[in-house]
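The next block holds one structure in the form of structure tokens; read it before the comments.
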Amino acid sequence: GALVYQYPRRTICKSGTSMRMECQAVGFQATSVAWYRQSPQKTFELIALSTVNSAIKYEQNFTQEKFPISHPNLSFSSMTVLNAYLEDRGLYLCGARTGRYAEQFFGPGTRLTVL
Amino acid sequence: GMPVEQNPPALSLYEGADSGLRCNFSTTMKSVQWFQQNHRGRLITLFYLAQGTKENGRLKSTFNSKERYSTLHIKDAQLEDSGTYFCAAEMTNSAGNKLTFGIGTRVLVRP
Numbered sequence: 003g004a005l006v007y008q009y010p011r012r013t014i015c016k017s018g019t020s021m022r023m024e025c026q027a028v029g030f031q032a033t034s035v036a037w038y039r040q041s042p043q044k045t046f047e048l049i050a051l052s053t054v055n056s057a058i059k060y061e062q063n064f065t066q067e068k069f070p071i072s073h074p075n076l077s078f079s080s081m082t083v084l085n086a087y088l089e090d091r092g093l094y095l096c097g098a099r100t101g102r103y104a105e106q107f108f109g110p111g112t113r114l115t116v117l
Numbered sequence: 107g108m109p110v111e112q113n114p115p116a117l118s119l120y121e122g123a124d125s126g127l128r129c130n131f132s133t134t135m136k137s138v139q140w141f142q143q144n145h146r147g148r149l150i151t152l153f154y155l156a157q158g159t160k161e162n163g164r165l166k167s168t169f170n171s172k173e174r175y176s177t178l179h180i181k182d183a184q185l186e187d188s189g190t191y192f193c194a195a196e197m198t199n200s201a202g203n204k205l206t207f208g209i210g211t212r213v214l215v216r217p
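See the structure below:
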């Protein structure tokens with residue numbers, strides 16, 4: 003079956019520091035990977051979409067300078083939260099899929115706490 | 107307005123009851139997914155629909171792209187159905203897999 007793993011599941015960092023999170027697709031080739039954030043008591047916002055053979059596209063309010071993403075192959079993606087502050091707290095989800103019209107499979111998320 | 111409007115924001119029902127959630131879309135959507143978020147935050151996929159209706163046990167979902175809505179129906183609610191439910195839709199002109207989420211519905215099933 004199609005599985006998506008995320009690492010770490012939880013992380014705590016000091017304000018102003020950075021942390022990296024990883025996403026791995028198992029059992030399928032992730033031709034596109036989307037990173038979302040769910041802030042406390044809110045819904046999911048798309049941060050950026052990474053598609054094979056295309057540039058990574060960031061949504062409004064999210065930048066490459068703040069959330070650099072790497073998508074080196076069809077099974078792995080990583081995202082770093084640079085200079086994390088309180089407003090960056092939340093659950094970061096990675097959604098991956100293969101093909102243009104397939105459903106998106108989600109990992110369990112990385113929960114970021116900023117002190 | 108919001109691309110995806112989800113209602114109700116909260117739902118309380120007794121065990122054995124039936125109820126439904128609905129998402130209205132401001133534009134034509136290509137597909138919709140419904141998720142249940144458990145207490146650990148994990149999104150559990152319930153349905154993926156490009157059109158029509160699907161059933162899985164006590165759950166049933168319908169997606170009508172032309173009428174711009176999707177519904178999730180819970181039949182004979184059980185305690186384990188408690189959680190937050192999200193619909194997420196992909197726009198027809200989306201080049202990738204961008205999903206726009208509804209605000210979620212907090213469902214509480216009481217004994």
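Sequences listed follow chains A and B, in order. Residues 3 to 117 (the working numbering) make up the first sequence, in order. Residues 107 to 217 (the working numbering) make up the second sequence, in order. All C-beta atoms, glycine included, are put in the ideal place defined by N, C-alpha and C.
Distance between beta carbons of residue j and residue i, contact taken as under 8 Å
i                     : j                     : result
residue 131 (chain B) : residue 195 (chain B) : 6 Å
residue 119 (chain A) : residue 7 (chain A)   : There is no way to answer for residue 119 (chain A), as the model of chain A reaches only from 3 to 117.
In DSSP terms, what residue i is bridged to
i                     : result
residue 108 (chain B) : Per DSSP, none; premise fails for residue 108 (chain B).
residue 40 (chain A)  : A:46, A:93
residue 190 (chain B) : B:143, B:212
residue 14 (chain A)  : A:115
residue 34 (chain A)  : A:53, A:99
residue 27 (chain A)  : A:6
Buried or exposed (CB count within 10 angstroms, at least 16 for buried), residue i
i                     : result
residue 108 (chain B) : exposed
residue 139 (chain B) : buried
residue 191 (chain B) : buried
residue 168 (chain B) : buried
residue 35 (chain A)  : buried
residue 187 (chain B) : buried
residue 172 (chain B) : exposed
beta-carbon residue i near the ligand ZN non-hydrogen atom, thresh 7 Å
i                     : result
residue 114 (chain B) : Ligands displayed in this structure: none; no statement on the ligand ZN is therefore possible.
Against chain A, which members of the region 169-194 of chain B pass a CB distance test of less than 8 Å?
Going along the region 169-194 of chain B in chain order, one finds 192, 194 with a Cβ nearer than 8 Å to chain A.
Would the region 16-30 of chain A count as touching the region 98-110 of chain A if we require 3 or more Cβ pairs under 8 Å?
The region 16-30 of chain A, when compared against the region 98-110 of chain A, does touch it at the 8 Å Cβ threshold.
Pairs of beta-carbons, one from the region 113-121 of chain B and one from the region 102-112 of chain A, closer than 8 Å: are there three or more?
Three or more beta-carbon pairs separated by less than 8 Å are not found between the region 113-121 of chain B and the region 102-112 of chain A, which leaves the two stretches without contact.
For the region 131-165 of chain B, list every residue whose C-beta sits within 8 Å of some C-beta in chain A, in sequence order.
Those would be 136, 137, 139, 141, 146, 147, 148, 149, 151, 154, 156, in chain order.
At least 3 beta-carbon pairs within less than 8 Å: the region 83-95 of chain A vs the region 170-184 of chain B:
They do not touch, by the three-pair rule.
Measuring CB atoms only, is the region 47-58 of chain A touching the region 133-148 of chain B, in the sense that at least three cross pairs come out at less than 8 Å?
Pairwise C-beta distances place the region 47-58 of chain A out of contact with the region 133-148 of chain B, as fewer than three of them are shorter than 8 Å.
So, do the region 164-178 of chain B and the region 139-154 of chain B have three or more beta carbon pairs nearer to each other than 8 Å?
Contact holds: three or more Cβ-Cβ distances are below 8 Å.
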